[in-house]
Amino acid sequence: MSRNIVRAFQTSSAAYIRHIGASLDQVTNINGPDGLDWSKTTQNVCDAVEKADNRIVIADIQGAKAHVSSKDRTDLEQVITVGLQTDAGLRVGTLHIHLNGSFKFFASRAGREGGYGTKIAQAGIPGYIAGGDDPRDKASPATK
Numbered sequence: 040m041s042r043n044i045v046r047a048f049q050t051s052s053a054a055y056i057r058h059i060g061a062s063l064d065q066v067t068n069i070n071g072p073d074g075l076d077w078s079k080t081t082q083n084v085c086d087a088v089e090k091a092d093n094r095i096v097i098a099d100i101q102g103a104k105a106h107v108s109s110k111d112r113t114d115l116e117q118v119i120t121v122g123l124q125t126d127a128g129l130r131v132g133t134l135h136i137h138l139n140g141s142f143k144f145f146a147s148r149a150g151r152e153g154g155y156g157t158k159i160a161q162a163g164i165p166g167y168i169a170g171g172d173d174p175r176d177k178a179s180p181a182t183k
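Per the numbering used here, the very first residue in the sequence shown carries number 40; after that it's consecutive.
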């Protein structure tokens, strides 16, 4: 039975987001004394996003090391970058997660057209910062 059918019968669904790319253990190990906090924050934000829109089931941690984003030059804080995908592998956007729990969501073109960004923005997730268009999306009006 597919996961989505099973979830339809549950009164409250737990977060089932699947991590690919770098592991949470790698995030913990590579970020020194703050590593465990980075890992927990990344997990918490990903779970909250999946709860806000259960079509998002894959979190692709794109490098375990916290870094200053080269794509979002307005953000000078260290971030962990996480790509978000559907079960079919459709990339719907990117998260930039900060150590303090705040995060930005940058919807890809598919994410905007599918309403993913709207659902995340309206979910009231603590720490949400509007991120606009995905800086990696070549079709994004922000990069034209």
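We treat Cβ as the ideally placed atom computed from N, Cα and C, and that holds for glycine.
If you're wondering where the values come from, they're calculated on a predicted model, not measured in any experiment.
Can you list, in chain order, the residues of its chain with a C-beta nearer than 8 angstroms to that of residue 56? Leave out the 5 residues immediately preceding and following it.
Stepping through the sequence shown from its first residue, residue 56 is reached at position 17. Counting only Cβ-Cβ distances below 8 angstroms, and skipping sequence neighbours, we find 85, 86, 88, 89, 95, 96, 97 and 98.
Counting pairs of Cβ atoms below 8 angstroms between the region 63-74 and the region 106-113, do you hit three or more?
no
Between which two residues does the beta strand (DSSP E) carrying residue 122 extend?
Numbered from 1 along the sequence shown, position 83 holds the residue referred to as residue 122. 117-125 is the span of the beta strand (DSSP E), which, as asked, contains residue 122.
Assuming residue 102 contacts residue 143 (C-beta within less than 8 angstroms), just tell me the rounded distance between them.
Here residue 102 corresponds to residue number 63 of the sequence shown, with the count starting at 1. Here residue 143 corresponds to residue number 104 of the sequence shown, with the count starting at 1. 16 angstroms between Cβ atoms; not a contact.
Buried or exposed: where does residue 64 fall if 16 or more other Cβ atoms within 10 Å of its Cβ makes it buried?
Here residue 64 refers to the residue found at position 25 when the sequence shown is read from its first residue. Under this definition residue 64 is an exposed residue.
Check each candidate in 73, 139 and 130 and name the one with the smallest Cα separation from residue 156.
For the purposes of this step, residue 156 is taken as residue 117 along the sequence shown, with counting starting at 1. For residue 156, the nearest C-alpha among the options comes from 130.
Would you give the residue range spanned by the alpha helix (DSSP H) that residue 61 belongs to?
By one-based count along the sequence shown, residue 61 stands at place 22. Note, residue 61: premise wrong, no alpha helix (DSSP H); not H, not E.
Quick one: what does DSSP say residue 150 is sitting in, helix, strand or coil?
Along the sequence shown, read from residue 1 onward, the residue named residue 150 stands at position 111. Note: residue 150 maps to helix in three-state DSSP.
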